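>
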Amino acid sequence: MNLSRAFLNFLEILDTGTFAENFKNLIILQKSIILAYNLIMIEKIENAAKFHHLDRLDIIRILATDEFDEFLFKTADSVRKKYKGDSVHIRGIIEFSNICKQNCKYCGIRKDNPNAERYRLSPDEIILFAQHAKEKGFRTIVLQSGEDGFFSAEKMAGIIKKIKSLDMAVTLSLGEKTTGEYEVYKKAGADRYLLRIETTDKTLYGNLHPNMSFENRVRCLKDLKKLGYETGTGILVGLPGQSIESIADDILFFKNIDADMIGLGPFIPAPDTPLSKEKGGTLTQALKVMAITRLLLPDINIPATTAMETLHPQGRLMALQCGANVIMPNVTEGDYRKKYLLYPGKIAVNTSAAQNYDATVKMIESIGRKVSITKGFRRDT
Ligand code: 5AD
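In structure tokens form, the structure reads like this:
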């Protein structure tokens, strides 16, 4: 049934007689209109899978209801399959310092959290963990930290060069830096950089990030693109004060800057932060944002994130089946992992790097997918 058929029904209804019949027919009419609307939206999702475009208003409509979730997820999964195949890229993440000069209101390792137990790995430890990951089968290392001034650009360059000599791809996630610093990392061989925009709602951004500026964050992303990094960004879904209209703008922002990777997660209130008492985001809404992103940016890399699994024991498995094609197990060894607490309930803080790898492979294979043997750049086939 299509829209014109629904209107024919409407005309037939107008022809009928008694009040009771008319009342009944009005209900039918109402149902027909809803059905017609749903069919239009389904068609829009189908077209987005083909042409990778959705209007802002349609994104809002999809986010505002659970009516289309199942279809949206199925369609995003088929786009993932068409453009990225069944291989899943496994990237090993080393959280090498939780010392941070910033005060993001949602983050458990913000500067003003006196209860965060701070640590910093030595360059030798970082390289050792990368070596172990390489032996285990990882092809990419993600180096993530708070904005820790101890790690100068030169120090980072030394670490990057050593990891590159292991024939691994290097992704950095070190926060906001100067153009010159990004240049130094790139020259040392860094391949990719992750820097979530967190939200494109400037007022909300300002409220959540004391002494930071939205403009500078965008400057960072533009620098990274210009320098030839595969550039990743993303948002927190379900932040207090975040509207679905602003999430629609976030998704259009991803498309606009032609992000190579998008990492999304639900906001999870962290203790000892100004937002500790707030309501968190939901897994479903995060998955929806991810699925729409897959429709609009069909060939990018999208991880099933740890925060998704924190809200549901199968969160990452679900993500892999509605658009995601990357997974990033933690390969930080020892006790450090317990201390890198951006939010509570983080998974896999008690298992070893090797165990995490094996569990990840098992998860991927349990849904008939396979582990990628490439470094997994955006335009790798
Ligand atoms: N809940 C979920 N994700 C968080 N992050 C920081 N704090 C939280 C939280 N409370 C995310 C941010 C950041 C990434 C490294 O971790 O989006 O970019």
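Per this note's numbering, the sequence shown starts with residue 29, numbered consecutively.
Built from N, CA and C at the ideal position, the CB exists for glycine as well.
Source: prediction; values computed, not measured.
(1) Skipping 5 residues on each side, what residues in its chain have a beta carbon closer than 7 Å to that of Phe282?
(2) What residues are listed by DSSP as bridge partners for Val212?
(3) Is Glu368 a contact residue of the ligand 5AD, with contact defined as CB to any heavy atom under 6 Å?
(4) Closest to Gly217 by C-alpha separation, out of Leu223, Met356, Val198, would be which residue?
(5) How far does the beta strand (DSSP E) with Glu123 in it extend, from its first residue to its last?
(6) How is the alpha helix (DSSP H) around Leu63 delimited, first residue to last?
(7) Quick check on the DSSP output: the alpha helix (DSSP H) that includes Tyr134 runs from which residue to which?
(8) Just the Cα atoms here: how many angstroms apart are Leu63 and Tyr257?
(9) Just mark Asp363 as buried or exposed, buried being the case when its beta carbon has 16 or more other beta carbons within 10 Å.
(10) Taking the straight line between their C-alpha atoms, what separation do you get for Arg247 and Gly203?
(11) Under 6 Å: does the beta carbon of Leu57 sit that close to some heavy atom of the ligand 5AD?
(12) With respect to 6 Å, is the separation between the Cβ of Tyr134 and the closest non-hydrogen atom of the ligand 5AD below this value?
(13) Can you tell me whether DSSP reads Val399 as helix, strand or coil?
(14) Should Lys205 go down as buried or exposed, given a rule of 16 or more other Cβ atoms within 10 Å for buried?
(15) Just checking my contact of Lys162 with Met196 at CB under 8 Å: how many whole Å lie between their CB atoms?
(16) Which residue marks the beginning of the alpha helix (DSSP H) containing Tyr385, and which one marks its end?
(17) Looking only at its chain, what residues have a beta carbon closer than 7 Å to the beta carbon of Asp86, apart from the 5 residues adjacent to it on each side?
(18) Any chance the stretch 226-239 sits against the stretch 263-270, with 3 or more Cβ pairs inside 8 Å?
(19) Contact check, Thr338 vs Ile392 under 8 Å by CB: the rounded distance?
(20) Could you give the first and the last residue of the continuous beta strand (DSSP E) run that contains Gly308?
(21) Please find out if some non-hydrogen atom of the ligand 5AD comes closer than 6 Å to the beta-carbon of Ile127.
(22) In chain order, what residues of the same chain have a beta carbon less than 8 Å from the beta carbon of Asn384, not counting five sequence neighbours either side?
The relevant details are as follows:
(1) Thr261, Ile290, Thr321, Leu325
(2) The partner list for Val212 (beta bridge, DSSP) is empty, contrary to what the question assumes.
(3) Inspection of the sequence shows that residue 368 is occupied by Tyr rather than by Glu. Every heavy atom of the ligand 5AD is 6 Å or more from the Cβ of Tyr368, so no.
(4) Val198
(5) 115-125
(6) 47-79
(7) That residue, Tyr134, is in no alpha helix (DSSP H); it is neither H nor E in DSSP.
(8) 45 Å
(9) exposed
(10) 12 Å
(11) no
(12) yes
(13) strand
(14) buried
(15) 6 Å
(16) 381-394
(17) Lys72
(18) yes
(19) Going by Cβ atoms, the distance from Thr338 to Ile392 rounds to 19 Å, so no, they are not a contact pair.
(20) From DSSP, Gly308 is part of no beta strand (DSSP E); its letter is neither H nor E.
(21) no
(22) Pro357, Asn358, Val359, Ala376
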